[in-house]
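So the structure is just underneath, and the comments pick up after that.
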Amino acid sequence: MAQAPIPGDGRRAAGLLAPAYLWLTLAVFLPLSAMLFFSFLTAAPFGTESPRATLENYRDFFETPTYALLLWKSIRLGLWVTLLCVLIGFPCALVLARQIRGRAREALFLLVILPFWSNSLVRVFSWAIVLRGNGVLDRTLDALLPFDVRLGLMFTPAAVVIGLVHSYLPYVILTSYLALQAIEDDIFDAARALGAGRITILRRLILPLSLPGLIAGAVLVFVPVVGSFMEPRILGGRFGTYFGTVIEDQFVAVFNWPLGAALSFILLAVVLAILGLSSPVLRRGLT
Amino acid sequence: MTRHLLLTSLLALAAGSATADEIRVLNWQGYGTDLDWAVEAYAAATGNTVLHEYFTSEQEMLTKLRTNPGAYDVVLINAAFTRQAKDEGLIGPIDTTSMTNFENISNGFTTDSELVIEDAVYGVPWTWGLTSFAINTNAFETAPDTIQVFWDPAHKGRVSIRDDALEAVQFGALATGQNINDVKDLDSVEKKLNELMPQIRTFWSSENDWNQYMAADELDLATYWSGSAARSADMGLPVAFVVPKEGAVAWLDGLSIPASSTHKDAATQFIDWMIDPDFYTRWDAEGAPASANAAAAEALADTSFNKRVLGDPDVVARVQFQKPVDDATRETYLELWQGLKARQ
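Sequences listed follow chains A and B, in order.
Numbering-wise, the working numbering puts 1168 at position 225 of the first sequence, and it's gapless, one number per residue.
Numbering-wise, the working numbering puts 119 at position 74 of the second sequence, and it's gapless, one number per residue.
Okay, structure coming up:
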């Protein structure tokens, strides 16, 4: 890979990269900096009064124990959902990549991606119909089982986890699949020839070699789930208050944009800190 | 006959203006001003057309007024927010001399309300109603007469209240026998609400939510608004509105004209039509809150929910009208409510 750069390459690269960076500036950097700006104001700059600069929104977070409690709840939710996505998604990807060939694989792939084509709100509402008392799930189980079934899943933390796992599972499957597919078949033949059993192959070869994909998937799941608000609000009932829903409230119900922005940036900082702290582990996995 | 009356009264209103205007109304969606037949009747009589824009919270309404000066001609403002809107210079005084129905508005609403400030009318009293609760009639043999039924273990996991800090605290204030506008013992309210939490199935946030949960038989009882209860019952849901002996929160909605409106005459005409008995009796048949216009309320059939329940002097004596809430109090309530929800 380490080749001497050809003269003029830098300029060409800059030219080719410019659209991407322009897009990043427009779509990510500008809105984010506007929010960062809001988070240091006393009020959203709409009214007749001009807002003053303040640190109070950030101080609020540290002075109100509620926010820390909610943040912890959200992180725990993120860890649960990520764990379940990995436990379900990785075996799925393994089967897809190593066992199934040809058309069947294409069809299964389509089934994995299909939920992504529908609006996420529609998906969550479908879950509400399935999970609610006397809903699709209850009735089906009732018809199949001889005894009376009342799961009562709707409006519980379990319902939130189910909805989120369903929404984010494809990320883990797709990233793991790509990593698994890249492993050469010869390696397995070699391992088998040297007397390695299935478990050893899984533990010593498949897992380490596909770890980068698995970790990328886990990060893709964890980050948005910590800030999720729609699924908890619709499926969680009285348990559905998380850090994300409180941020949403600040923007939609209470109209305290500065506080909402400050809470968002605290969330961003905490998520980055978590990723930073785990980066030695992640880096080892990615190389 | 009604139709004829309606048109003549509108024509009388229209005599003043010759040119056609387009007025923009800012309101909750599905709240009276955007009824097709009402807008059509107004257009037919005055030649003016009506466009609507909606908000989903009072804060959003205020933000829209602040950010879009000149965009609206009529805005619905809850009486608890009218003074704030006036103080910010968002709405202007309304000249009621050209209105034919203004004199029929109940005295209580014009003299003793937050809508008339220093003898100038900043909001025309339009509708009022109660925030109390409604029961699923299938779950009760006789309707309860006390708010304490929310804490009854028999209904554990079958109750709901709205996800709103102010409403929740005022609900707790009623349950602990306090004045909703001056909550002295906030700790007992918090304790009471904390005991309510395990009873709650979910929170509701819109009328649509409420109807869905009731239709899916998720709830036995839930806090609700009187006008919405009438609409839900009208849709065929097994719902009965209850005003318990502890009382209920009453609110008053007024129609105001933004100071920046460029069609003030047309807006005044529209408001006059909105408080017209002809408009109201027809709206009531489809499920409306109570009218602030005494003549309109009188014109209702005796079987109408608004005349039967809200016209009952015993009920009126029990209600507490909601006063403006300052920002600091609002903040305190919000913190209390978020804290309660977070600990679930």
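Every residue gets a Cβ at the ideal spot worked out from N, C-alpha and C, and that includes glycine.
Remember, it's a predicted structure, so these values are computed and weren't measured experimentally.
Alpha helix (DSSP H) segment containing residue i, residue limits
i, result
"A:Gly1203", "1200–1220"
"A:Ala1086", "1079–1087"
"B:Val214", "210–220"
"A:His1109", "1100–1124"
"A:Ser1153", "1150–1169"
"B:Gln257", "252–260"
"A:Leu959", "952–967"
"B:Trp82", "81–91"
"B:Leu381", "372–387"
"B:Leu238", "231–241"
"B:Thr156", "152–156"
"A:Ser976", "973–981"
"A:Ile1130", "1128–1136"
"B:Phe350", "350–353"
Residue span of the beta strand (DSSP E) that contains residue i, given as start and end
i, result
"B:Asp298", "293–303"
"B:Ala179", "169–181"
"A:Phe1182", "From DSSP, A:Phe1182 is part of no beta strand (DSSP E); its letter is neither H nor E."
"B:Asn72", "67–72"
"B:Phe366", "364–366"
"B:Thr94", "94–99"
"A:Ala987", "Premise fails: A:Ala987 is in no beta strand (DSSP E) and is neither H nor E."
Burial state of residue i (16 or more Cβ within 10 Å)
i, result
"A:Pro962", "exposed"
"A:Ile1142", "exposed"
"A:Ile1072", "exposed"
"A:Leu993", "Residue 993 of chain A is actually Ser in this sequence, not Leu. A:Ser993 should be labelled exposed."
"A:Leu984", "buried"
"B:Gln74", "exposed"
"A:Leu1056", "According to the sequence provided, residue 1056 of chain A is Ile. The question's Leu does not apply to it. Exposed is the call here."
"A:Val1065", "exposed"
"A:Ala957", "exposed"
"A:Asn1077", "exposed"
"A:Ile1130", "exposed"
"B:Ser301", "buried"
"B:Gly115", "exposed"
"A:Leu1020", "buried"
"B:Thr187", "exposed"
"B:Asn338", "buried"
"B:Asp132", "exposed"
"B:Ser306", "buried"
"B:Thr101", "exposed"
"A:Arg1082", "exposed"
"B:Thr156", "exposed"
"A:Trp1015", "exposed"
"B:Met144", "buried"
Integer Cβ distance of residue i from residue j, believed to fall under 8 Å
i, j, result
"A:Cys1028", "A:Val1189", "In fact, because the Cβ distance is near 24 Å, the residues do not count as touching under 8 Å."
"B:Pro170", "B:Leu355", "At roughly 14 Å, the Cβ-Cβ gap does not stay under 8 Å, so B:Pro170 and B:Leu355 are not in contact."
"B:Thr176", "B:Ala342", "About 19 Å separates the two Cβ atoms, so there is no contact after all."
"B:Ile136", "B:Ala130", "5 Å"
"A:Val1182", "A:Pro1100", "As written in the sequence, residue 1182 of chain A is Phe, which differs from the Val given in the question. At roughly 5 Å, the Cβ-Cβ gap stays under 8 Å, so A:Phe1182 and A:Pro1100 are in contact."
"B:Gly299", "B:Gly168", "3 Å"
"B:Asp393", "B:Ser349", "Within the shown structure, residues of chain B are numbered from 46 to 389, placing residue 393 of chain B beyond reach of any answer."
"A:Thr1009", "B:Ala387", "5 Å"
"A:Pro1201", "A:Ala987", "6 Å"
(request) Could you please tell me which residues of the segment 237–271 of chain B, in chain order, have their CB closer than 8 Å to any CB of chain A? (result) Answer set for the segment 237–271 of chain B: Met242, Ile245, Arg246, Thr247, Phe248, Ala261, Asp262, Glu263.
(request) Identify every run of the alpha helix (DSSP H) within the segment 101–139 of chain B, keeping only runs that are complete inside it and at least 4 residues long; order them along the chain. (result) Within the segment 101–139 of chain B, the complete alpha helix (DSSP H) runs of at least 4 residues are 103–112, 124–132.
(request) Please name the residues in the segment 97–131 of chain B whose beta-carbon is closer than 7 Å to at least one beta-carbon of chain A, in chain order. (result) For the segment 97–131 of chain B, residues whose beta-carbon sits nearer than 7 Å to a beta-carbon of chain A comprise Ser102, Gln104, Glu105, Thr108, Arg111, Thr112.
(message) Against chain B, which members of the segment 1175–1208 of chain A pass a CB distance test of less than 7 Å?
(response) Taking 7 Å as the Cβ-Cβ cut-off against chain B, the residues of the segment 1175–1208 of chain A that qualify are Gly1180, Arg1181, Phe1182, Thr1184, Val1189, Ala1196, Val1197, Phe1198.
(request) Using a Cβ-Cβ cut-off of less than 7 Å, give me the residues of the segment 1088–1107 of chain A that come near chain B, in sequence order. (result) Cβ contacts with chain B come from Phe1098.
(message) Along the segment 365–381 of chain B, where does the CB come closer than 8 Å to a CB of chain A? Name the residues.
(response) Residues Leu379, Glu380.
(request) Any chance you could list the alpha helix (DSSP H) runs of at least 4 consecutive residues sitting entirely within the segment 1029–1075 of chain A, in chain order? (result) Listed in chain order, they are 1045–1056, 1063–1074.
(request) Check each residue of the segment 948–967 of chain A: if its Cβ is closer than 7 Å to any Cβ of chain B, include it; give the result in chain order. (result) Correct list: empty, as no residue qualifies.
(request) Let me know the alpha helix (DSSP H) ranges lying completely inside the segment 990–1026 of chain A, each 4 residues or longer, listed in chain order. (result) The qualifying runs are 999–1006.
(request) Could you run through the segment 1074–1089 of chain A and flag, in chain order, every residue whose CB is less than 9 Å away from some CB of chain B? (result) So the close ones are Arg1075, Gly1076, Asn1077, Gly1078.
(message) By the 7 Å beta-carbon criterion, what residues does the segment 199–227 of chain B contribute toward chain A?
(response) Of all residues in the segment 199–227 of chain B, none has a Cβ within less than 7 Å of some Cβ in chain A.
(request) Let me know the alpha helix (DSSP H) ranges lying completely inside the segment 265–343 of chain B, each 4 residues or longer, listed in chain order. (result) Runs found: 271–279, 309–319, 322–330, 339–343.
(request) Closer than 8 Å, Cβ to Cβ, to anything on chain A: give me those residues from the segment 134–156 of chain B, in chain order. (result) Answer in chain order: Gly134.
(message) Can you pull out the residues from the segment 66–85 of chain B whose beta carbon lies closer than 8 Å to at least one beta carbon of chain A?
(response) Within the segment 66–85 of chain B, no residue has a Cβ that lies closer than 8 Å to any Cβ of chain A.
(request) Compile a chain-ordered list of the residues in the segment 303–319 of chain B whose CB is closer than 8 Å to at least one CB of chain A. (result) Flagged: no residues at all.
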